[in-house]
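This note's numbering numbers the first residue of the sequence shown as 391 and each following residue consecutively.
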Amino acid sequence: MLKRLLSFLIPINIYRKKSDISKNLEVTWNNGQLVVDSKNTNYSYGSLQRILRKGLQYIGYDRIRGFNEVLVLGVAGGSVLKTLVEEVNFEGNITGVEIDPDVIEIANTYFGINEITNLEIIIDDAFEFVLKTKKKYDLIIIDIFQDTVMPNFLFEDFFINRINYLLHVNGFILFNTMTLNKKDKERNLRYSTRFDEDYSVRMYPKVEDHNELFTIKKLK
């Protein structure tokens, strides 16, 4: 409790871990809230939770409660899972795919995501998972970073087409991107043109300082 109170004055680090995949991971009390950070960016909770919460609000909590299957690519500390379960009150199945077992250990220990009864966590590369899965989903959340870097495959046609195939009609993709420079913004503009008339694409710039969100609805 003391560390939490002090964190309104100054961030209080309580745990550090070296990860082969995410490199430096830290759990910190910040403004009265536990957050997970990598070396240069927020990984879960804090600003990231605010970003993805806004995306879910754009889609609509009532609509999401009517879904059956949600896929989360990039779990990290699990902040979007907590939003889905505790705020949206989503009771369908959630599949969370995370490549880094170290960050899942943190998510279980400090944030209790292993206590979410309608959640299945799969340790796997997101690209490999979407190639293998036989399921289709009503909502696919893509939130994949290695520190401040977004893997190139996220913006390539093969991955985009595979994600589209896995999405039910009237389902949504929620894609969180980071835009640090002009090149990133141009990349996002190209991404928005990769969808035909069967999809409704909306981009929400400046959700936080360096984040742009996409919501993509499959119309038919």
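Think of the CB as a built atom: it goes at the ideal place given N, C-alpha and C, for glycine as much as any other residue.
Simplified DSSP assignment, three categories, for Lys-444 | helix
Given 8 Å as the limit, is there contact between the segment 454-465 and the segment 483-493, that is, 3 or more CB pairs closer than that?
-> yes
Any idea if Phe-334 is buried or exposed, counting beta-carbon neighbours within 10 angstroms, 16 or more meaning buried?
-> Residue 334 lies beyond the residue range present for the chain, which begins at 391 and ends at 610; the question has no answer from this structure.
Residue nearest to Phe-501 in terms of C-alpha spacing, selected from Glu-481, Tyr-555, Glu-476 and Ile-553 = Glu-476
Identify, in the order they occur along the chain, each residue of the same chain with its Cβ nearer than 6 Å to the Cβ of His-558, setting aside the five sequence neighbours on each side.
-> Lys-526 and Asp-528
Can you have a look at Lys-472 and say buried or exposed, based on whether 16 or more other CB atoms are within 10 angstroms of its CB?
-> buried
Which parts of the segment 532-590 are runs of the alpha helix (DSSP H), unbroken and 4 residues or longer, counting only runs that do not cross its ends?
-> Unbroken alpha helix (DSSP H) stretches of 4 residues or longer found wholly inside the segment 532-590: 547-556 and 572-582, given in chain order.
Tell me whether Ile-411 sits in a helix, a strand or coil according to DSSP, three-state version.
-> coil
Exposed unless 16 or more other CB atoms sit within 10 angstroms - verdict on Glu-587 = Its Cβ having fewer than 16 others within 10 Å, Glu-587 is exposed.
Should Phe-548 be labelled buried (16 or more other beta-carbon atoms within 10 Å of its own) or exposed?
-> It counts as exposed.
Starting from Phe-517, trace the alpha helix (DSSP H) both ways and give me its first and last residue.
-> 516-522
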